[in-house]
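Residues 0 to 263, numbered by numbering that gives the first Met the number 0, are exactly what the sequence shown covers, in order. In this text, a Cβ means the ideal position worked out from N, Cα and C, and glycines have one as well.
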Amino acid sequence: MKFFMAMTMFLVTLGSFYDCKSTMLTHLNCIALRTVKYSDRNNILIAYSREMGRVALLMSAGGSREAVRRRAVTMPLTPFECIADVRPGRDIYNVREPRALLPLHGLHSNPVKGAVAMFMAELLGAVLTESQEDAALYAFLVDSVGRFDSMSRGVANFHLAFLYRLGRYIGIEPDVSTYAPGRVFDMVDGTFRSALPLHRRFLPPEDAATVALLSRMTWDNLAAFRFSRNQRNSILTAILEYYTLHYAALSGLNSLDVMRRLFD
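This is the structure we're talking about:
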(Lines of atoms letter the chains of each structure in order from A; the text may use other names.)
(Lines give C-alpha, C1' and ligand atoms only; values in the text may rest on other atoms or scores of the structure.)
Protein backbone atom coordinates (compact mmCIF):
# COMPACT_ATOMS: atom_id res chain seq x y z
CA MET A 0 0.00 0.00 0.00
CA LYS A 1 2.76 2.39 0.93
CA PHE A 2 4.49 1.52 -2.33
CA PHE A 3 1.43 2.47 -4.39
CA MET A 4 0.96 5.70 -2.43
CA ALA A 5 4.59 6.60 -3.00
CA MET A 6 4.30 5.87 -6.71
CA THR A 7 1.15 8.02 -6.95
CA MET A 8 2.90 10.95 -5.27
CA PHE A 9 5.88 10.49 -7.59
CA LEU A 10 3.68 10.56 -10.71
CA VAL A 11 1.82 13.68 -9.51
CA THR A 12 5.10 15.43 -8.84
CA LEU A 13 6.49 14.34 -12.21
CA GLY A 14 3.37 15.60 -13.99
CA SER A 15 3.64 18.95 -12.24
CA PHE A 16 7.28 19.15 -13.24
CA TYR A 17 6.49 18.62 -16.92
CA ASP A 18 3.56 21.07 -16.80
CA CYS A 19 5.98 23.64 -15.45
CA LYS A 20 8.58 22.81 -18.07
CA SER A 21 6.02 23.06 -20.87
CA THR A 22 5.36 26.70 -20.01
CA MET A 23 7.86 29.05 -21.61
CA LEU A 24 7.92 32.77 -20.89
CA THR A 25 9.15 34.18 -24.19
CA HIS A 26 10.28 37.70 -24.91
CA LEU A 27 8.65 38.90 -28.14
CA ASN A 28 9.34 41.92 -30.32
CA CYS A 29 6.12 42.57 -32.23
CA ILE A 30 4.32 44.94 -34.53
CA ALA A 31 0.57 45.24 -33.89
CA LEU A 32 -1.78 44.43 -36.77
CA ARG A 33 -5.39 44.22 -35.61
CA THR A 34 -7.53 43.57 -32.56
CA VAL A 35 -10.62 41.35 -32.54
CA LYS A 36 -13.18 40.85 -29.79
CA TYR A 37 -12.78 37.57 -27.92
CA SER A 38 -15.06 37.95 -24.92
CA ASP A 39 -16.52 40.65 -22.67
CA ARG A 40 -13.26 40.69 -20.72
CA ASN A 41 -10.62 40.06 -23.38
CA ASN A 42 -9.61 40.88 -26.94
CA ILE A 43 -7.18 39.07 -29.19
CA LEU A 44 -4.38 41.10 -30.70
CA ILE A 45 -2.98 39.76 -33.97
CA ALA A 46 0.67 40.77 -34.29
CA TYR A 47 3.78 39.89 -36.26
CA SER A 48 6.77 39.03 -34.10
CA ARG A 49 10.46 38.78 -34.86
CA GLU A 50 10.77 35.58 -32.86
CA MET A 51 7.67 33.58 -33.88
CA GLY A 52 6.13 35.23 -36.93
CA ARG A 53 2.37 35.77 -36.69
CA VAL A 54 1.02 35.44 -33.14
CA ALA A 55 -2.31 35.88 -31.33
CA LEU A 56 -2.06 37.59 -27.95
CA LEU A 57 -4.75 37.79 -25.26
CA MET A 58 -5.30 41.39 -24.15
CA SER A 59 -7.64 42.80 -21.50
CA ALA A 60 -10.71 44.60 -22.89
CA GLY A 61 -11.65 46.23 -19.59
CA GLY A 62 -11.68 49.90 -18.71
CA SER A 63 -8.93 49.84 -16.10
CA ARG A 64 -5.95 52.13 -16.44
CA GLU A 65 -3.69 49.18 -17.28
CA ALA A 66 -6.09 47.90 -19.97
CA VAL A 67 -6.27 51.37 -21.55
CA ARG A 68 -2.47 51.62 -21.49
CA ARG A 69 -2.13 48.24 -23.16
CA ARG A 70 -4.52 49.24 -25.95
CA ALA A 71 -2.56 52.43 -26.55
CA VAL A 72 0.66 50.42 -26.76
CA THR A 73 -0.83 48.04 -29.32
CA MET A 74 -2.54 50.39 -31.79
CA PRO A 75 -2.20 49.33 -35.49
CA LEU A 76 1.41 49.27 -36.74
CA THR A 77 2.83 50.03 -33.28
CA PRO A 78 6.10 48.16 -32.58
CA PHE A 79 6.07 46.81 -29.02
CA GLU A 80 7.72 44.20 -26.83
CA CYS A 81 6.14 41.87 -24.32
CA ILE A 82 6.52 38.65 -22.38
CA ALA A 83 4.28 35.90 -23.77
CA ASP A 84 3.28 32.73 -21.93
CA VAL A 85 3.89 30.23 -24.75
CA ARG A 86 2.54 26.74 -24.17
CA PRO A 87 2.47 23.76 -26.54
CA GLY A 88 -0.94 23.17 -28.07
CA ARG A 89 -2.15 26.73 -27.52
CA ASP A 90 -2.69 29.26 -30.29
CA ILE A 91 -3.42 32.28 -28.07
CA TYR A 92 -0.84 33.47 -25.58
CA ASN A 93 -1.27 35.46 -22.39
CA VAL A 94 0.83 38.60 -22.31
CA ARG A 95 2.81 40.40 -19.63
CA GLU A 96 4.50 43.79 -19.58
CA PRO A 97 3.71 45.13 -23.09
CA ARG A 98 5.82 48.20 -23.82
CA ALA A 99 6.02 50.39 -26.93
CA LEU A 100 9.36 50.25 -28.73
CA LEU A 101 8.88 53.49 -30.68
CA PRO A 102 7.12 56.71 -29.57
CA LEU A 103 4.84 57.12 -32.60
CA HIS A 104 3.68 60.67 -31.93
CA GLY A 105 3.06 61.51 -35.59
CA LEU A 106 1.21 58.30 -36.38
CA HIS A 107 -1.15 58.56 -33.42
CA SER A 108 -1.83 62.30 -33.60
CA ASN A 109 -2.20 62.72 -37.38
CA PRO A 110 -5.58 61.37 -38.59
CA VAL A 111 -4.31 60.92 -42.16
CA LYS A 112 -1.33 58.88 -41.05
CA GLY A 113 -3.60 56.97 -38.69
CA ALA A 114 -5.91 56.03 -41.58
CA VAL A 115 -2.94 54.85 -43.66
CA ALA A 116 -1.72 52.81 -40.68
CA MET A 117 -5.13 51.14 -40.38
CA PHE A 118 -5.06 50.19 -44.05
CA MET A 119 -1.51 48.89 -43.95
CA ALA A 120 -2.14 46.91 -40.76
CA GLU A 121 -5.27 45.33 -42.27
CA LEU A 122 -3.39 44.37 -45.42
CA LEU A 123 -0.47 42.94 -43.46
CA GLY A 124 -2.92 40.92 -41.38
CA ALA A 125 -4.13 39.28 -44.59
CA VAL A 126 -0.67 38.75 -46.09
CA LEU A 127 1.47 37.73 -43.11
CA THR A 128 -0.16 34.43 -42.25
CA GLU A 129 2.92 32.28 -41.52
CA SER A 130 3.80 31.39 -37.93
CA GLN A 131 7.53 31.37 -38.52
CA GLU A 132 10.14 33.96 -37.76
CA ASP A 133 11.63 36.28 -40.37
CA ALA A 134 13.97 38.79 -38.75
CA ALA A 135 14.61 40.68 -42.02
CA LEU A 136 10.88 41.17 -42.64
CA TYR A 137 10.32 42.31 -39.06
CA ALA A 138 13.20 44.80 -39.32
CA PHE A 139 11.76 46.17 -42.56
CA LEU A 140 8.33 46.67 -40.97
CA VAL A 141 9.68 48.48 -37.91
CA ASP A 142 12.01 50.67 -39.98
CA SER A 143 9.16 51.57 -42.36
CA VAL A 144 6.82 52.53 -39.52
CA GLY A 145 9.47 54.67 -37.87
CA ARG A 146 10.19 56.52 -41.09
CA PHE A 147 6.48 57.02 -41.82
CA ASP A 148 5.90 58.41 -38.33
CA SER A 149 8.51 61.14 -38.81
CA MET A 150 7.72 61.79 -42.48
CA SER A 151 6.52 65.30 -43.36
CA ARG A 152 6.70 65.15 -47.17
CA GLY A 153 5.61 62.36 -49.51
CA VAL A 154 3.06 60.91 -47.07
CA ALA A 155 0.55 60.36 -49.91
CA ASN A 156 2.96 57.97 -51.64
CA PHE A 157 4.06 56.00 -48.58
CA HIS A 158 1.60 53.11 -48.99
CA LEU A 159 2.55 52.64 -52.65
CA ALA A 160 6.27 52.49 -51.92
CA PHE A 161 5.67 50.30 -48.87
CA LEU A 162 3.65 47.73 -50.80
CA TYR A 163 6.20 47.59 -53.59
CA ARG A 164 9.11 47.14 -51.18
CA LEU A 165 7.20 44.58 -49.10
CA GLY A 166 7.11 42.35 -52.19
CA ARG A 167 10.84 41.72 -51.81
CA TYR A 168 10.35 40.17 -48.37
CA ILE A 169 7.39 37.98 -49.25
CA GLY A 170 8.79 36.72 -52.54
CA ILE A 171 6.73 38.63 -55.13
CA GLU A 172 8.96 41.59 -56.02
CA PRO A 173 8.66 42.39 -59.77
CA ASP A 174 11.75 41.59 -61.81
CA VAL A 175 12.57 45.09 -63.08
CA SER A 176 15.70 43.78 -64.80
CA THR A 177 13.32 42.58 -67.54
CA TYR A 178 11.80 46.04 -68.08
CA ALA A 179 12.15 48.00 -71.30
CA PRO A 180 9.89 50.76 -72.68
CA GLY A 181 6.91 49.35 -74.56
CA ARG A 182 6.82 46.03 -72.68
CA VAL A 183 3.82 44.75 -70.75
CA PHE A 184 3.96 43.57 -67.15
CA ASP A 185 2.93 39.95 -66.62
CA MET A 186 1.36 39.93 -63.16
CA VAL A 187 1.33 36.15 -62.92
CA ASP A 188 5.10 35.69 -62.99
CA GLY A 189 6.15 39.27 -62.13
CA THR A 190 8.19 39.94 -65.28
CA PHE A 191 8.04 42.34 -68.22
CA ARG A 192 7.40 40.87 -71.66
CA SER A 193 7.70 42.15 -75.20
CA ALA A 194 4.77 39.93 -76.30
CA LEU A 195 1.38 39.56 -74.67
CA PRO A 196 1.05 36.56 -72.33
CA LEU A 197 -1.59 33.90 -72.97
CA HIS A 198 -3.70 35.17 -70.05
CA ARG A 199 -5.36 38.49 -69.24
CA ARG A 200 -3.52 39.31 -66.02
CA PHE A 201 -1.08 41.83 -67.41
CA LEU A 202 -0.57 45.61 -67.44
CA PRO A 203 -0.26 47.50 -70.74
CA PRO A 204 2.99 49.38 -71.48
CA GLU A 205 1.95 52.68 -69.85
CA ASP A 206 0.97 51.01 -66.58
CA ALA A 207 3.98 48.68 -66.80
CA ALA A 208 6.20 51.76 -66.90
CA THR A 209 4.64 52.86 -63.61
CA VAL A 210 5.66 49.55 -62.02
CA ALA A 211 9.25 50.24 -63.04
CA LEU A 212 8.86 53.77 -61.65
CA LEU A 213 7.80 52.43 -58.26
CA SER A 214 11.05 50.48 -58.05
CA ARG A 215 12.91 53.81 -57.95
CA MET A 216 11.04 55.07 -54.89
CA THR A 217 12.94 55.42 -51.63
CA TRP A 218 11.84 56.83 -48.29
CA ASP A 219 13.86 59.96 -49.07
CA ASN A 220 12.45 60.78 -52.51
CA LEU A 221 8.72 60.04 -52.15
CA ALA A 222 7.77 63.72 -52.49
CA ALA A 223 9.43 63.85 -55.92
CA PHE A 224 6.79 61.53 -57.40
CA ARG A 225 3.73 63.54 -58.38
CA PHE A 226 0.48 61.65 -58.83
CA SER A 227 -3.13 62.82 -58.97
CA ARG A 228 -5.69 61.07 -56.78
CA ASN A 229 -6.94 59.08 -59.78
CA GLN A 230 -3.42 58.03 -60.74
CA ARG A 231 -2.61 57.01 -57.19
CA ASN A 232 -5.81 54.99 -56.91
CA SER A 233 -5.14 53.28 -60.24
CA ILE A 234 -1.67 52.31 -59.05
CA LEU A 235 -3.09 51.01 -55.78
CA THR A 236 -5.70 48.97 -57.66
CA ALA A 237 -2.99 47.37 -59.78
CA ILE A 238 -0.84 46.58 -56.75
CA LEU A 239 -3.77 45.01 -54.91
CA GLU A 240 -4.64 42.93 -57.96
CA TYR A 241 -1.04 41.75 -58.11
CA TYR A 242 -1.09 40.87 -54.42
CA THR A 243 -4.43 39.11 -54.79
CA LEU A 244 -3.00 36.86 -57.49
CA HIS A 245 -0.43 35.63 -54.98
CA TYR A 246 -2.50 35.86 -51.76
CA ALA A 247 -6.08 34.67 -52.26
CA ALA A 248 -7.15 35.95 -48.84
CA LEU A 249 -6.42 39.54 -49.82
CA SER A 250 -9.89 40.85 -50.68
CA GLY A 251 -12.58 43.03 -49.12
CA LEU A 252 -10.27 45.32 -47.15
CA ASN A 253 -12.55 47.44 -44.94
CA SER A 254 -10.22 50.45 -44.93
CA LEU A 255 -9.70 50.57 -48.71
CA ASP A 256 -12.50 53.08 -49.39
CA VAL A 257 -11.02 55.47 -46.86
CA MET A 258 -7.61 55.17 -48.50
CA ARG A 259 -9.06 56.04 -51.89
CA ARG A 260 -10.51 59.30 -50.54
CA LEU A 261 -7.54 60.48 -48.52
CA PHE A 262 -5.26 62.35 -50.91
CA ASP A 263 -5.87 64.95 -53.61
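How would you write the range of the alpha helix (DSSP H) that residue i sits in, first residue to last?
| i | result |
| --- | --- |
| residue 148 | 134-149 |
| residue 110 | 110-126 |
| residue 239 | 228-245 |
| residue 257 | 255-261 |
| residue 67 | 64-72 |
Taking the straight line between their C-alpha atoms, what separation do you get for residue i and residue j?
| i | j | result |
| --- | --- | --- |
| residue 20 | residue 233 | Because the pLDDT at residue 20 is just 47, under 50, the model does not fix this residue reliably, and the point stays unresolved. |
| residue 214 | residue 197 | 26 Å |
| residue 229 | residue 64 | 44 Å |
| residue 52 | residue 224 | 33 Å |
| residue 176 | residue 189 | 11 Å |
| residue 207 | residue 222 | 21 Å |
| residue 187 | residue 68 | 44 Å |
| residue 191 | residue 251 | 28 Å |
| residue 246 | residue 60 | 31 Å |
| residue 199 | residue 179 | 20 Å |
| residue 113 | residue 104 | 11 Å |
| residue 120 | residue 193 | 36 Å |
| residue 130 | residue 44 | 15 Å |
| residue 107 | residue 132 | 27 Å |
| residue 70 | residue 141 | 19 Å |
| residue 88 | residue 55 | 13 Å |
| residue 185 | residue 34 | 36 Å |
| residue 258 | residue 118 | 7 Å |
| residue 100 | residue 212 | 33 Å |
| residue 195 | residue 39 | 55 Å |
| residue 253 | residue 49 | 27 Å |
| residue 27 | residue 181 | 48 Å |
| residue 24 | residue 96 | 12 Å |
Where does the unbroken beta strand (DSSP E) through residue i begin, and where does it stop?
| i | result |
| --- | --- |
| residue 174 | Looking at the DSSP string, residue 174 is not in any beta strand (DSSP E), and its letter there is neither H nor E. |
| residue 26 | 23-36 |
| residue 52 | 52-59 |
| residue 99 | 91-99 |
| residue 183 | 183-185 |
| residue 79 | 78-85 |
| residue 44 | 41-48 |
| residue 192 | 190-192 |
Taking the alpha-carbon of residue i as reference, which of the options has the nearest alpha-carbon?
| i | options | result |
| --- | --- | --- |
| residue 249 | 257, 203 and 240 | 240 |
| residue 82 | 174, 57, 63 and 75 | 57 |
| residue 75 | 31, 36 and 54 | 31 |
| residue 135 | 47, 114 and 252 | 47 |
| residue 94 | 73, 244 and 101 | 73 |
| residue 168 | 182, 92, 126 and 28 | 126 |
| residue 115 | 170, 148 and 90 | 148 |
| residue 162 | 102, 184, 210 and 33 | 210 |
| residue 158 | 183, 217, 202 and 170 | 217 |
| residue 226 | 170, 201, 128 and 262 | 262 |
If residue i and residue j are in contact, beta carbons under 8 Å, what's the gap, nearest whole angstrom?
| i | j | result |
| --- | --- | --- |
| residue 111 | residue 144 | Going by Cβ atoms, the distance from residue 111 to residue 144 rounds to 15 Å, so no, they are not a contact pair. |
Tell me whether residue i counts as near the ligand COA, meaning its Cβ is closer than 7 Å to at least one heavy atom of that ligand.
| i | result |
| --- | --- |
| residue 110 | Among the components modelled here there is no ligand, and therefore nothing to report on the ligand COA. |
Extract the residue ranges of the alpha helix (DSSP H) inside the stretch 196-226, only unbroken runs of 4 or more that lie entirely within it.
204-213
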